[in-house]
Amino acid sequence: MRIALIQQSIVPGDKQANYARAGTLVKKAAEQPGGRPDIIVLPELWSTGYALAELDSLASSNGEEEAEFLSELARRYGIWFAGGSVAAKTPRGITNRAQVIDRGGSLVATYDKVHLVPMLGEDKNLVAGDRRCLHTIEGVTFGLTICYDLRFGELLRKLTLEGAQALIISAEWPLARLSHWQALLKARAVENQCYVIAVNNCAMGDVPFAGHTQMLGPDGRKLCQLEFQEEIAMADIDPEAVNRIREAVPVFRDRRPELY
51 MRIALIQQSI
61 VPGDKQANYA
71 RAGTLVKKAA
81 EQPGGRPDII
91 VLPELWSTGY
101 ALAELDSLAS
111 SNGEEEAEFL
121 SELARRYGIW
131 FAGGSVAAKT
141 PRGITNRAQV
151 IDRGGSLVAT
161 YDKVHLVPML
171 GEDKNLVAGD
181 RRCLHTIEGV
191 TFGLTICYDL
201 RFGELLRKLT
211 LEGAQALIIS
221 AEWPLARLSH
231 WQALLKARAV
241 ENQCYVIAVN
251 NCAMGDVPFA
261 GHTQMLGPDG
271 RKLCQLEFQE
281 EIAMADIDPE
291 AVNRIREAVP
301 VFRDRRPELY
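Position 183 of the sequence shown, counting from 1, maps to 233 under this note's numbering, and the rest follow consecutively.
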């Protein structure tokens, strides 16, 4: 299974510019000479950026506008979209919502970010989700998370215990905490013995973002990584590699949950 990770330079508040950029990058990913990806992953809030004060006017009803845009691309290229979040206007308020769209263009799963980041004021402008999300795509089970969720190892461990073979982290992680991004991604891959697919914003505005989109294997090795450029990274998932790593180092068998 081939994954394309799209590192986008997101323009805060400019949906048309972001749609154009995303569309261009998706087309480029779909036409890669090494073979079309099965799944494309976008960054957090890829259509609006962190224009939090403007989200009341920017957010679409239940994220339907963005879902329709991605659905058309999914049908055109015959690919899945997993992760990549949008501002979704719901009866409870605006949520930070990841979407999963299948090759036929159907929206098949959503995840509302459960940990809202106070450092960027997200907790004052959005409402948190209240459930986890696992979705199986063509035999591989993915756990969806968004940005600040990465700091909460309990959530990612729970997703893994429930069957995740790969964890998706769509993010707008700031440059000031790049060292945390690198350390936490490797830790989550190693401790959960699963793939970690981490896609970040790379814009250098008033709040510069860290880029460094990457995919790690279940042994913690980097399979691909970008730096600060708007670009695409590609890598493959082999679910049997997860089984081999877990058999070689039987962390899950040796857990003592009655003690912690």
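Built from N, CA and C at the ideal position, the CB exists for glycine as well.
Taking each of A148, V164, V167 in turn and checking the Cα distance to V158, the smallest one comes out for A148.
In the DSSP assignment, F192 is bridged to H185, A216.
Contact between D269 and R52 is absent: CB atoms are separated by about 19 Å, not below the 8 Å threshold. Taking 9 Å as the cut-off, the beta carbon of C197 is found closer than this to the beta carbon of S220.
By the 16-neighbour rule on beta-carbons within 10 angstroms, A226 is exposed. The Cβ neighbour count for M169, taken over all protein chains shown within 10 Å, is under 16; the residue is labelled exposed.
Ranked by Cα distance from G203, the first of Q215, L234, I218, D180 is L234.
Uninterrupted beta strand (DSSP E) stretches at least 3 residues long and entirely within the stretch 51-86 occur at 52-57, given in chain order.
Judged by DSSP in its simplified three-state form, D152 adopts coil rather than helix or strand.
Taking 9 Å as the cut-off, the beta carbon of L95 is found no closer than this to the beta carbon of I282. Taking a 10 Å sphere around the C-beta of L276, we find 16 or more other C-beta atoms and assign the residue as buried.
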